[in-house]
Amino acid sequence: MKSAYISIVGRPNVGKSTLLNAILGEKIAIVSKKPQTTRNRIMGVHTVGDTQFVFLDTPGIHTPRTDLGKYMVDAAKGAIGDADLAILVVEPHGSVGDIEQKILGRIRKCEIPAILVINKTDLSDAKKIGDTIASYAAEFDFSAVVPMSAKNGQGVDILLEEADKHTQEMPWLFPDDMITDQPDRQIAAEVIREKLLRTLDREVPHGTAVVIEEFLEEKNMLRIRANIFCEKESHKGIIIGHKGAALKLVGTKARTDLEEFFGCKVFLDLWVKVKENWRDNPTVVRNFGYRKD
Ligand SMILES: Nc1nc2c(ncn2[C@@H]2O[C@H](COP(=O)(O)OP(=O)(O)O)[C@@H](O)[C@H]2O)c(=O)[nH]1
Ligand SMILES: [Mg+2]
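Rendered as structure tokens:
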């Protein structure tokens, strides 16, 4: 038996969570066009043959402006130090960005090997990709460079082959049928938050948090009651929408995903509440589940 602990790092929105879902073939990490979607580090376990890969998806590394942001960046940075291997995900922009420089500094300090993933190649061309490879190779001695399109699943096999070179013989840490350490309640909360991010306007969803109040397994069905917290009274109106239309849409989309994930009927009851500027309140940030374990 062999295993490796691998953290997936990079700036927000480069496709880290999409990559983890593509590896697992199952959606455990939520994905959206908006930056800073992932708030916690999320573990995904991929076991093939005698090998167990343990991946950590992390919040994007950025310059934090709120207590929530600080928590997120700490979670991401901490994940680098804990890993046997880092996968740095970047977009093919040609040069090395300032955030990527900082992340590479961290990887150097932790003295762990790194693989460079150049994602979203479907949106790019050979010259841009080539320039990106050259700039990064001049900056760090990557053990491999893998161009990929996580969205289309292209390059995932090659990445796993490269990651396999960094496994060590040891007993597996997790059962072979386990795919994530996220509790069911957290998955439910995250699915609801994803639908908020995808349904609502720019500014509102960044300030939302979802807290599961009730999670009851009844015969052949799941009863879930959740509070959606937002930062302003005006945001509450936007989330609920005209005659409740927006909230209804969020609820329907979330229920469809949850029924697929849990494999049973789901009864979903959503409530919207205001907690003013909660992202700047360390106590509330912790109470909403964003705390170091
Ligand atoms: N075109 C394209 N879009 C991608 C690819 N990978 C991710 N995306 C999109 O990029 C956005 C951010 O993805 P996400 O996984 O949430 O990024 P994260 O913040 O790094 O976790 C989403 O809209 C994804 O659908 C890719 O390979 N190609
Ligand atoms: Mg993410």
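First residue of the sequence shown: 3, per our numbering; consecutive thereafter. Even for Gly, the Cβ is constructed at its ideal location relative to N, Cα and C. From a predicted model like this one, the values you see are computed outputs, not experimental measurements.
Exercise for review: Whole angstroms is fine: what's the gap from residue 136's alpha carbon to residue 86's?
Suggested key: 25 Å
**Study point:** Euclidean distance between Cα positions of residue 159 and residue 144
**Key:** 18 Å
**Study point:** Endpoints, beta strand (DSSP E) assigned at residue 59
**Key:** 53 to 59
Exercise for review: Out of 219, 221 and 197, state which residue places its alpha-carbon closest to the alpha-carbon of residue 211.
Suggested key: Among 219, 221 and 197, the Cα nearest to that of residue 211 belongs to 197.
Exercise for review: Please state if the CB of residue 161 and the CB of residue 148 are separated by a distance shorter than 7 Å.
Suggested key: yes
**Study point:** For residue 95 and residue 130, the rounded distance between their alpha carbons
**Key:** 7 Å
Review point. What do you reckon, is the C-beta of residue 9 under 6 Å from a heavy atom of ligand 2?
Key: no
Practice item. Enumerate in chain order the residues of its own chain whose CB-to-CB distance from residue 24 is below 6 Å, with the five nearest sequence positions on each side excluded. Key: 152, 155 and 158
Review point. Considering residue 7, what are the terminal residues of the beta strand (DSSP E) in which it resides?
Key: 4 to 11
Check your understanding: Nearest to residue 265 by CA position, among 9, 249 and 190, is which residue?
Key -> 190
Practice item. At 4 residues or longer, and completely inside the stretch 41 to 124: list those alpha helix (DSSP H) runs for me, N to C. Key: 69 to 83 and 100 to 112
Point to revise | Nearest-angstrom Cα separation, counted from residue 110 out to residue 218 | key: If you take the alpha carbons of residue 218 and residue 110, they lie about 46 Å apart.
Check your understanding: chain D beta carbons: is any one of them nearer than 7 Å to that of residue 155?
Key -> Absent from the structure: chain D. Only one protein chain is present.
Practice item. Return yes when at least one heavy atom of ligand 2 lies under 6 Å from the C-beta of residue 40, else no. Key: yes
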